[in-house]
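Inspection log for the structure reproduced underneath, given as structure tokens.
Numbering (our numbering), first residue to last: 273 to 692.
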């Protein structure tokens with residue numbers, strides 16, 4: 273991957289000094305005093321972003337962060353995570369490697385494995401200069417998280433969507449979500465308008481808030497159609513800690529509820545896009561993936577099944593895109609899985625369509641596009657848009673054997689609530 277230019281990193285540090293902070297020399301911690309060694313000095317230490325917990329699955333979670341060279345040093349670093357059940361005994365280590373090679377790039381992504389559901393873990397991100405194995409390295413602050421899984425006692429989550437780089441709005445949404453204290457946050461697509469620079473990824477994903485927003489509460493990332501666009505969109509997978517290869521779709525369990533993340537890709541057919549896109553094939557592959565899930569114990573033993581995908585499968589609004597591709601490949605498989613609810617975004621206006629609804633799809637004559645009315649077969653809740661007036665927060669919480677859902681605006685007014 274082409275690394276981001278140093279100029280962009282320095283600009284990022286200058287714009288958010290409270291976010292990128294110098295890591296602490298390891299030797300200073302070990303000796304209980306500041307080290308006078310040049311190699312250990314804070315002046316030469318890299319700066320680190322807040323770590324972001326991402327995409328938990330059964331027994332696993334990713335920890336991602338940015339490790340930026342200090343202004344006094346241009347050295348590349350390798351990174352790892354130290355973690356354990358006690359803040360005073362971080363006795364497990366996981367490295368950012370691929371095929372046995374340490375990752376020298378500034379973006380670090382470490383997948384923690386063999387975690388126990390319900391266990392509280394403490395962790396810190398670490399770094400040392402590339403090629404200097406004897407260097408004691410540097411460490412960041414210690415953070416805490418509780419591992420989610422099928423044996424979790426409770427279920428609570430929040431969903432935001434279509435923020436489109438409106439930073440003031442994002443800060444407000446994250447503050448509201450923090451008040452809810454969910455077990456995880458789903459960002460349901462279109463974080464960006466187009467991924468033109470890697471610095472956008474750092475701003476939108478790693479520090480959209482002046483405080484750590486996902487260092488203890490995991491982030492579930494769902495790709496939107498605008499996140500598929502731009503010259504750096506291909507690199508996005510490197511920054512979001514995906515659990516399987518470089519796929520943007522997976523599933524995970526929290527207590528009695530299984531969540532399926534689907535990548536709705538673009539809202540244009542491949543023939544209308546520039547070369548290098550094969551989104552229709554990616555959508556087809558996810559249909560095969562859904563068929564394979566019908567024998568997965570995480571699915572078959574779940575009491576409720578919820579899907580996160582950016583583009584809705586049905587809409588009552590005028591459409592400038594084709595829903596048929598996703599719906600044709602996914603609908604039957606989702607019905608076979610007894611899916612209870614689809615949560616989407618994309619149309620910048622909240623709505624809820626229950627099973628049996630018949631939205632009137634308005635057609636617009638466009639080459640290679642077809643539209644047809646169809647009855648809703650799976651309950652679908654759609655979040656709002658990128659303004660203070662249209663933005664929404666969707667929350668879900670397990671209560672008395674049901675999943676209680678609520679959609680509210682920034683003012684706290686309930687727009688819809690119900691049980692699934």
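Beta carbons are placed, not taken as given, at the ideal position from N, Cα and C, and that holds for glycine.
Values in this document were obtained by computation on a predicted structure and should not be read as measured data.
C-alpha gap between residue i and residue j, whole angstroms
i	j	result
residue 557	residue 609	17 Å
residue 409	residue 347	12 Å
residue 564	residue 572	12 Å
residue 536	residue 360	43 Å
residue 651	residue 323	35 Å
residue 439	residue 363	38 Å
residue 464	residue 568	34 Å
residue 672	residue 426	11 Å
residue 510	residue 646	38 Å
residue 305	residue 411	Any reading at residue 305 is ruled out, since the residue's pLDDT is 37, under 50, leaving its predicted position unreliable.
residue 501	residue 538	9 Å
residue 587	residue 404	56 Å
residue 629	residue 623	12 Å
residue 597	residue 406	54 Å
residue 590	residue 653	Reliability fails at residue 590, whose pLDDT of 45 lies under 50, so the model's placement of it is uncertain and the value that follows must be treated cautiously. Distance between the alpha carbons of residue 590 and residue 653: 17 Å.
residue 431	residue 457	6 Å
residue 612	residue 419	25 Å
residue 578	residue 357	31 Å
residue 606	residue 380	35 Å
residue 325	residue 429	15 Å
residue 336	residue 603	33 Å
residue 490	residue 459	11 Å
residue 334	residue 658	28 Å
residue 582	residue 618	6 Å
residue 527	residue 566	18 Å
residue 559	residue 433	23 Å
residue 378	residue 401	12 Å
residue 575	residue 615	17 Å
residue 679	residue 524	23 Å
residue 351	residue 387	20 Å
residue 696	residue 353	The structure shown does not extend to residue 696, since the chain is modelled only from 273 to 692, so the question has no answer here.
residue 705	residue 493	Summary: the structure shown does not reach residue 705, with the chain confined to residues 273 through 692, and so no result is reported for it.
Cβ neighbour criterion (16 or more within 10 Å) applied to residue i
i	result
residue 626	exposed
residue 370	exposed
residue 553	exposed
residue 423	exposed
residue 372	exposed
residue 365	exposed
residue 506	exposed
residue 312	The pLDDT assigned to residue 312 is 44, lower than 50, so where the model puts this residue is not dependable; a value taken from the coordinates is nonetheless given after this. So residue 312 ends up on the buried side.
residue 674	exposed
residue 393	buried
residue 684	exposed
residue 550	exposed
residue 534	buried
residue 447	exposed
residue 445	buried
residue 451	exposed
residue 296	buried
residue 453	exposed
residue 395	buried
residue 660	exposed
residue 686	exposed
Endpoints, the beta strand (DSSP E) within which residue i is located
i	result
residue 554	Segment 551 to 564 is the alpha helix (DSSP H) holding residue 554; no beta strand (DSSP E) there.
residue 432	428 to 432
residue 664	664 to 671
residue 352	349 to 356
residue 417	415 to 418
residue 520	Residue 520 -> no beta strand (DSSP E), and no H or E assigned at all.
residue 686	686 to 691
Chain C within 8 Å of residue i, Cβ atoms only
i	result
residue 670	Looking at the structure shown, chain C is missing, and only one protein chain is on hand.
Check: residue i C-beta below 7 Å from any heavy atom of the ligand GTP
i	result
residue 672	With respect to small molecules bound, the structure shown includes none, and the ligand GTP cannot be examined in it.
Span of the alpha helix (DSSP H) around residue i
i	result
residue 470	470 to 473
residue 446	439 to 452
residue 385	Counting along the chain, residue 385 falls outside any alpha helix (DSSP H), and DSSP gives it neither H nor E.
residue 570	569 to 572
Nearest residue (CA-CA) to residue i, options the options
i	options	result
residue 515	327, 295, 296	327
residue 466	386, 389, 503	503
residue 416	435, 391, 424	391
residue 692	670, 682, 683	670
residue 461	455, 620, 319	620
residue 585	398, 325, 601	601
residue 655	664, 648, 384	664
residue 368	338, 358, 389, 356	338
residue 667	519, 661, 689, 659	689
residue 497	481, 604, 436	436
residue 495	482, 388, 513, 483	513
residue 727	332, 386, 442	The chain is shown from 273 up to 692; residue 727 falls before or after that span and cannot be answered.
residue 331	340, 350, 389	389
residue 384	399, 355, 294	355
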